[in-house]
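**Student:**
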Amino acid sequence: MRARQRGGAGRAVAHVRRYRVLYGIAAAWAAMAVLLPTHEPASTAPLALPDVAGSGSGQTSGGVASPATVAAPGTAALPSGAAPTGHGAGVEAAGHGSAPTPAPGAGGAAVVGRSRTGVDCVPGARQIPDLAYSPPCVPAFAGDNGGATHRGVTADVIRVAVRSFPPGVADEIATAAGVGVPEDERRANEEMSDVFVEYFNEAFELYGRRVELIEYPSRYGDPLAEALGGGREGACADATDIAERLQVFGVVELAPSFAFEQCAAERQLVVFNANSFASASFYDRHHPYLWAPAMDCERTGVQLGEYVTKRLLDRPARWAGDPTLQARDRRLGVYVPDLDEYQRCVDVAAAGVRAAGADVVRFNYAPDPVRLALQADRAVAYFREQGVTTVLLACDPTSVVFLTQAAERQGYRPEWVTTGAGGGEDIAINARAYERAQVDGHLFGRSLLASDADVLGPDSEPGRLYERLTGQEAHPYGQGFYWNHHLILFTLLQAAGPNLTPAAIAAGAASLPPTTGAVGRMWFGQRADGSSGLDHTLLDDGLEVYWDADAVSYSGDRGVFVATMGGRRFGTGEWPAGEPAVGSGS
Amino acid sequence: MNRAVRLAMTAAASSLAVMAFAAFLPEGLPLGIAVRGLVAGGSVALVAVGMVLAHRASGVVNLAQAQLGVVGAVLAVELRMAWDVPYPVALIAGLLTAAAAGALVEVLVLRRLRSAPAVVPMVATVGAAQLLTGLALLLDGAVRAPLGSRFAPPVDVDVVVSPVVIDGTGLSILIAAPAAVLGVAHLLYRTDSGLAFRAIASNRERAALAGVPILGHAAAAWAIAGALSGLALVLEAPVAGSPGATAIAGGGAALLVRALAAAAAGGFTRLVPTVAAAASIGVVEEGLAWSYPTTAVVDVLLVVAIVAVLATRRGVLGRSGTSALAGWRAAVSAPSTALSVPAGRAAWVLVFVAAGAVPLVLDAARTELAALIVIQAIVVLSLVVVSGWAGELSLGQFAVAGAGGATCALLYGRHGWDLMAALPAAAAAGAAVLVALGLPGLRRSALVTAVTTLAFAAASHGFLLEHRHAPWFVEDRIARPALWDRIPLERPWQLYLVALAVLAAVTAAVVNLRRTRAGRALLAVRDNEASASATGIDPVRARLFGLAFSGAVAGVGGALLVLHQAGVHAPSFTPELSLRMLAVAVVGGLGSVRGALLATAALGTADLLLAPEWSLVSTGAGMLVVLLFLPAGVDGVLQRLASAVAGLSARPARVDTDPRLPVAP
């Protein structure tokens, strides 16, 4: 027995001796973990958002600006630790020349003065009187703007990159489906963009600086991969390149990408036209770097649920193309990409519908351009088998082309409902590519967009402005593309005040009062659930439209979306009950 | 047994299996869905039959089968859409091009590798696949079809098969696929050439001795395989929607996995089971899609079904798998012994120090991508262990890394673990996953492990690593820490240096493993299992150790990748990336540590500098060049260089001779 014990001990000793290096490494590793901990930094702490104009302490009466310079840099909007992880070193430009002169209006006091556009800044005056969405008037600034307040900012210039992709496979598929952007339209967009940037540089109060837009054709990004929800490696490399090599303050994206936006925020780049339809929590997580002109997906979900509940449920599907379906009470189906953010949107809407005692048949498609047609075919068969009378289009317009083609082939004629959540399914130039027999009289729903003529036509704000500035009539579609990007960019830069930082952008956004015009109410001051507080998306409301295939648009093209109820727009909790007035016109 | 009876029995068995499967589907399997499944299966069958033909003629598992036709298909679609060439003319041009591509791959690549171990030509097909996909994308980029032009199917008829309508594309496939397969069957079983094909497949040497022109038949078989692939892609083109989409469809893993599974079901030799399996796969996929209206779920369930079938059919992968990989173990080059020499050690140190200076010459974005290449090198080293030394073929190593990375992110990001505790957990997770994936193949063939790992890669990418589908496991956003709460990892160069340090540690560990008893046991089992057993080594235990070690290394690589990406992102762990990592390991010299590192650096640099399509072309062509002209890989070149330098520097020994002796003439 003792011999055996000795043998066992001997074996143990031999074992330890044999693996002594491993045991040593393991012991050292354990000691390191205990003595020198490596924990996740507290940067993901819950976010505290600043008060907004009209909701509390920062309120501005009468629409006169209180630019964000009232807040010390980095204190008002950005609580400590709220910055996403990132490549922050070197972001705050070294050597601020001096403390910037506070902008007129600091402290929210009523301001009297004259703006650089010659407007007397009385309460309610706009910086650019002709523009409904102009921010409030700010008296012309004179003094020290603080110089290099942040990366990409000097005393004279604010550098902003414009990220773009060369045409790729995704464009090719969209073009083949008829929803692509023609080359001449791209060129017109760019020409008109230059005109507007030049004008906005003069008209907006940028505190002694000018915006310099720097073209950045993507060097490492993969547009297709990013459109499919991936491509993070290349997108992040682009963001690093933009931040470190170009040394810019922010970015305007010509092809919004979730991956790029996350990477940009992590590198402390402000994105001025982030992806529409991301969730509010997505924007909150990346505060104060992502700002979007449209509507976050929770708000879209809440309003879509409300729209469906009040306008569609418990009534026959009278706008369906198939008489048998017309006689049935509506049964809803939704076609949605299998991407986190979109799914979250639809989850919110579906919860609203479920609360009303109904259900939604869901088809989650992979946003793989190669399989769009195949999946549309499957979805149509599935919806029909499930007795769906009404298909909610929470999908890209190319998918709607394939869906309506598949439905036509399969003899399935439901109601098609725009949701405002798909990213362009409710745009006329896309809808003209849908299968006409399927949508003519059968396509209607909620939309975020105003009529084409109000946004793009020669009588629209950008159309009139372009004509005034150049003496030429604008390209039929040229105004719309960059307009919103530039408007939100310059509005936020003006609102931020002279001490320009991402935190000042957030404070500036919070200080802006709501504005209303042809495209609805724009305000950073209301959360998705209708409560007051900073949100990162501008648009607050939507309207109801239907597709009129015979109507002629301002550009002479046949087929437009027509607003019902006189084009009235509705925010959260404001939708009236009643059957959609398809064909009634406005 | 009569062939017709066998055919009928196979069809009946497949039908019964599908019906049994349908019984478990919540929504059943209506006739129209089954027919649409046959449409999908038709395309898979065309590609899988091409794979069988290529294997019969050359004994190679052709991982480029789907891509053989991609250049021809894109050409056909471009001709039709951009120049309005009549469909038959475009189709013929496309098929001829595809056939030429197939024949060229055989003549220029595989013929030169016929004496190489079977795995080398198989990996060469991965290179050919990359090259052809890159060429197809370049062709697509060179021509722009006008707005709204469409590639319509040749048949413009819709047929209602409740609950769906089969359109012209579907009908074309339903007509053309069986016709093409019957044509191949006729060629194989009713012609002299077919007899020759079968003789070659049965015994190449005996066929050659009997006067069968093996080389000519091989080229013909690959030409037909190329044409079949081209036909499948052209028929599917109206669904894909554009030439570029056709190129991507041909180059994607989805078609490859399905065709590979069908061909494997037929043992890579038999047509009827292959076609039956392809049809079954199509029907199963559509059946799943009918019951589960989420494409990602369908993709995963399909892969699970394929693996289940392959794993339960013992005869399927046993014999053929072994024959396909018979040379695998012999293909492994001699392990590097560089670190055993002081000069070699100094060279390693110099290399790593030089690599540490990379951020000084690259800008921040490129440094960030270089860090990614360093992390990939860690995964490639794990492949050196599992495939080079343990002899197990892993086609899903990046997914194993993903499992480790997700574990690290979960523990560190969500549960607040110390990173230094989360890293070993990531290694343990990687080890556990690879052991689990390798278990079914331990006593069978390396191809079983290949299929299970590839399936795991597909499932991980589509489901397990997706936050939406597995929120309990996937943490999609973490903050990079400061190491020991002191050294930040925010800037690209900081992350790069940390990744490089980990790579250095892993390299030392791997090289040292080779010198330990466990490492020697691995190699002994790899070289001769019976002899190893006779010396008291337990082969199963040795392989399990190899799998665990490799999985642990991959897990650490995955953890670093998750830190690099600040979260788990499924698109960072694609099956294509796993295949590419294997190809890199082969280019490096399979079992060579330094070869693997150099190959990763070289191919990674090409990725950094070139546009995606040119990167595909260059890395594909580079792989082929290495495999054709440098069969021992990068490491072989290094060894030859070292020998040459040693030869130059060696002095001849001085010999004293007696001057009285006559001088030799």
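Heads up: the protein sequence lines correspond to chains U and B, in order. Under my numbering, the first residue of the first sequence is numbered 1, with each subsequent residue one higher. Under my numbering, the first residue of the second sequence is numbered 587, with each subsequent residue one higher. Quick reminder that beta carbons are idealized off the backbone N, C-alpha and C, glycines included. This structure is a prediction, so every number in the text was calculated from the model and none was measured.
1. Quick check: the Cα distance between Val656(B) and Leu814(B), rounded to an integer number of angstroms?
2. If you drop the 5 nearest sequence neighbours on each side, which residues of the same chain put their C-beta closer than 6 angstroms to that of Ala1043(B)?
3. I need the straight-line Cα distance from Leu694(B) to Ser601(B), nearest angstrom please.
4. Within 10 angstroms of the Cβ of Arg187(U), are there 16 or more other Cβ atoms? Answer buried if so, exposed if not.
5. So for Phe402(U), helix, strand or coil by DSSP?
6. Counting pairs of Cβ atoms below 8 angstroms between the segment 346-355 of chain U and the segment 399-413 of chain U, do you hit three or more?
7. Are the beta-carbon atoms belonging to Ala1104(B) and Val970(B) less than 7 angstroms from one another?
8. I'd like to know whether the C-beta of Gly999(B) is nearer than 7 angstroms to at least one C-beta of chain U.
9. Of all Cβ atoms in chain U, is any one closer than 7 angstroms to the Cβ of Thr881(B)?
10. For Asp548(U), list the residues DSSP reports as bridge partners.
11. Once DSSP output is grouped into helix, strand and coil, what is the label at Ile158(U)?
12. Return the bridge partner residues of Phe444(U) from the DSSP annotation.
13. Closest Cβ-Cβ distance between Leu903(B) and chain U: below 7 angstroms?
14. Is Pro672(B) helix, strand or coil by DSSP?
15. Does the segment 1108-1127 of chain B come into contact with the segment 962-976 of chain B, if we say contact requires no fewer than three beta-carbon pairs (one atom in each stretch) closer than 8 angstroms?
16. Determine, using beta carbons only, whether Arg569(U) and Leu543(U) come nearer to each other than 7 angstroms.
17. Within 10 angstroms of its Cβ, does Asn145(U) collect 16 or more other Cβ (buried), or is it exposed?
18. Using a Cβ-Cβ distance cut-off of 7 angstroms, determine whether Val1092(B) contacts chain U.
19. Hey, which unbroken runs of the beta strand (DSSP E) at 3 residues or more fall wholly within the segment 744-772 of chain B?
20. Check whether the segment 660-667 of chain B touches the segment 868-882 of chain B, taking contact to mean three or more Cβ pairs, one atom from each stretch, closer than 8 angstroms.
21. If you check the beta carbons only, do Arg1054(B) and Asp396(U) fall under 7 angstroms apart?
22. Can you tell me whether Met605(B) is buried or exposed, with buried defined as 16 or more other CB within 10 angstroms of its CB?
23. Just the chain B side, please: which residues come within less than 7 angstroms of Glu385(U) by C-beta, in chain order?
24. Check this for me: beta carbons of Ala951(B) and Asp241(U), under 7 angstroms apart or not?
25. Between the segment 1058-1072 of chain B and the segment 986-1003 of chain B, do three or more beta carbon pairs fall short of 8 angstroms?
26. Kindly provide the ranges of any alpha helix (DSSP H) runs that are 4 or more residues long and lie completely inside the segment 646-690 of chain B, ordered along the chain.
27. Could one say the Cβ of Gly230(U) lies closer than 7 angstroms to chain B's Cβ atoms, at least one of them?
28. Mind reading off the beta-carbon distance from Thr596(B) to Gln962(B)? Whole number of angstroms is fine, and I expect it under 8 angstroms.
29. Using a cut-off of 9 angstroms between C-beta atoms, extract the partners of Asp778(B) located in chain U.
30. Just the Cα atoms here: how many angstroms apart are Val302(U) and Glu415(U)?
31. Taking 7 angstroms as the threshold (beta carbon to beta carbon), is Phe258(U) in contact with chain B?
32. Assess contact between the segment 675-683 of chain B and the segment 624-634 of chain B, defined as three or more Cβ pairs (one per stretch) separated by less than 8 angstroms. Is contact present?
33. Roughly how far, in whole angstroms, is the beta-carbon of Leu493(U) from the beta-carbon of Phe204(U), given that I think they are within contact range, below 8 angstroms?
34. When DSSP labels each residue in this structure, what does Glu215(U) get in the three-state scheme?
35. Taking 6 angstroms as the limit between beta carbons, can you name the residues of its chain near Leu443(U), skipping five residues before and five after?
36. For Val1173(B) and Ala1022(B), what's the separation of their Cα atoms in angstroms?
**Tutor:** So, to answer that:
1. Linking Val656(B) to Leu814(B) through their CA atoms gives a straight-line distance of about 11 angstroms.
2. Gly982, Ala985, Pro1161 and Ser1164
3. 41 angstroms
4. exposed
5. helix
6. no
7. With a cutoff of 7 angstroms on beta-carbon distance, Ala1104(B) and Val970(B) are scored as not near each other.
8. yes
9. yes
10. The partner list for Asp548(U) (beta bridge, DSSP) reads Val560(U).
11. strand
12. Val417(U) and Tyr546(U)
13. Confidence in Leu903(B) is poor, its pLDDT being 47 and thus under 50, which makes the residue's placement too unreliable to answer from.
14. coil
15. yes
16. yes
17. buried
18. no
19. 745-747 and 750-752
20. no
21. no
22. exposed
23. Within 7 angstroms Cβ-Cβ: Pro749.
24. Ala951(B) places its beta carbon less than 7 angstroms from that of Asp241(U).
25. yes
26. 651-654, 656-669 and 673-690
27. yes
28. Not really, about 43 angstroms apart at Cβ, beyond 8 angstroms.
29. Under the 9 angstroms cutoff, chain U gives no residues; its nearest Cβ is about 41 angstroms from Asp778(B).
30. Distance between the alpha carbons of Val302(U) and Glu415(U) is about 21 angstroms.
31. It does not; no Cβ of chain B falls within 7 angstroms.
32. Taking 8 angstroms as the limit for Cβ pairs, the verdict is that the segment 624-634 of chain B does not touch the segment 675-683 of chain B.
33. 7 angstroms
34. Of the three classes helix, strand and coil, the one that applies to Glu215(U) here is strand, per DSSP.
35. Trp416 and Trp547
36. Taking the straight line from one Cα to the other gives about 27 angstroms.
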